[in-house]
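What follows is a single structure, written as structure tokens, with notes after it.
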Amino acid sequence: MNRLFCFGLGYSALAFARGLDRSVWQIAGTCRSEAGAAALREEGIRVVLFDRTRLPADADADLVGTSHILISVPPDEAGDPVLDCWGEAIARLGSLSWLGYLSTTGVYGDRGGGWVDEASALTPSGPRGRLRVEAEAGWLALWRSRAVPVHLFRLAAIYGPGRSALDTIRSGRAQRIVKPGQVFSRIHVADIATVLAASIARPNPGAAYNLADDEAAAPDEVLAHAATLLGVPIPPAIPFETASLSEMARSFYADNKRVANNRIKRELGLTLAYPDYRSGLEALVRSGD
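For the sequence shown, the positions run 1032 to 1320 when the working numbering is used.
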């Protein structure tokens, strides 16, 4: 029996965990709220409450028998909470055959619309990206010093059921912001799950993989296509300079790059189910999501 422990049972981790065959996989992980934990326990998932205010009472006991670990908890200003609070227990796990850390393509920073791949320099343009670079380095250090089978997955903008441009349009609050030359790469949550499963089947500790589709696109183009699919008017264009955006939302526009995904295809033998935003959004409409 394989045992997966997910640090952070959030959107991407749950999409992966829920797709596993429960006759051969046991699922456990962490959650920050008792209400969320209760719902997950109803699915047969063993849950440990964890954040920096609730440290593990016995990390070794919580992880006993774990064969695979997926980490989706982001770093904070103090560092990586999973590495800080569970790193030693993870390093002591004799049963561990794979660990995946979900990072972000934000580690590459701004490239003025140019391409990046896994060999590109890590030059983050903001504090969140810098924290991710530091977290990646911490996990890779654990691989080098303790032979923990760490794999890095740098995710582009994630979308899928309940979390896409379609939902933004349906909310009635969509802003079709236009910043000439701006593009973002994206990845459907189902393709994230497929990549993780493929990595487990072909482990390569120390490797980093970009998770992005084949076509970076302007955000206003994606929103316009979503509106067309839903048969509603395309929201008016709003220049980026005059758009009403939170500081965090505005910071995403500081990075402009195209993310190459050749390595997941070459090393993991993958064909993406949703190679561009059009195929992904159209599938969501067909499924009612």
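Note that the Cβ used here is the ideal one computed from N, Cα and C, for glycine as well.
For residue i, three-class secondary structure by DSSP
i: P1112; result: helix
i: D1082; result: strand
i: Y1308; result: helix
i: R1289; result: strand
i: T1136; result: helix
i: L1299; result: helix
i: R1207; result: strand
i: G1212; result: coil
i: D1107; result: strand
i: L1127; result: coil
i: Y1240; result: strand
i: L1051; result: coil
i: L1260; result: helix
i: V1095; result: coil
i: P1270; result: strand
i: A1150; result: coil
Burial state of residue i (16 or more Cβ within 10 Å)
i: K1288; result: buried
i: V1095; result: exposed
i: D1251; result: buried
i: S1202; result: exposed
i: P1112; result: buried
i: A1092; result: exposed
i: T1259; result: exposed
6 Å Cβ shell around residue i - same chain, five flanking residues per side excluded
i: R1063; result: D1082
i: A1044; result: C1037, L1101 and S1103
i: A1229; result: L1299 and L1301
i: A1382; result: Because the chain spans 1032 through 1320 in this model, residue 1382 falls outside it and cannot be assessed.
i: A1188; result: F1215 and R1217
i: L1086; result: C1116
i: P1306; result: D1244 and D1245
i: D1148; result: A1291
Cβ separation of residue i and residue j, assumed to be a contact under 8 Å, to the nearest whole Å
i: L1261; j: I1200; result: 6 Å
i: G1237; j: L1301; result: Incorrect: roughly 19 Å between the Cβ atoms, too far for contact.
i: G1311; j: H1219; result: 5 Å
i: I1269; j: R1194; result: The Cβ separation is near 22 Å, so there is no contact.
i: A1257; j: A1196; result: 4 Å
Candidates the options, of which the one nearest residue i by Cα
i: A1255; options: G1145, I1265 and A1205; result: I1265
i: N1033; options: A1229, S1128 and T1136; result: S1128
i: G1169; options: H1182, N1235 and G1212; result: H1182
i: G1191; options: G1039, A1122, Y1308 and G1050; result: Y1308
i: R1163; options: R1175, S1282 and E1108; result: E1108
Cβ shell of residue i (< 8 Å), same chain only, five flanking positions each side left out
i: N1292; result: N1241, L1242, A1243, D1244, D1245 and L1303
i: N1235; result: H1182 and E1298
i: G1075; result: R1053 and I1058
Other residues of its chain near residue i: CB distance less than 7 Å, five sequence neighbours each side excluded
i: A1249; result: Q1213 and V1214
i: A1013; result: Outside the displayed range of the chain (1032 to 1320) lies residue 1013, so it cannot be described from this structure.
i: L1124; result: L1094 and T1097
i: D1286; result: G1137, G1140, D1141 and S1156
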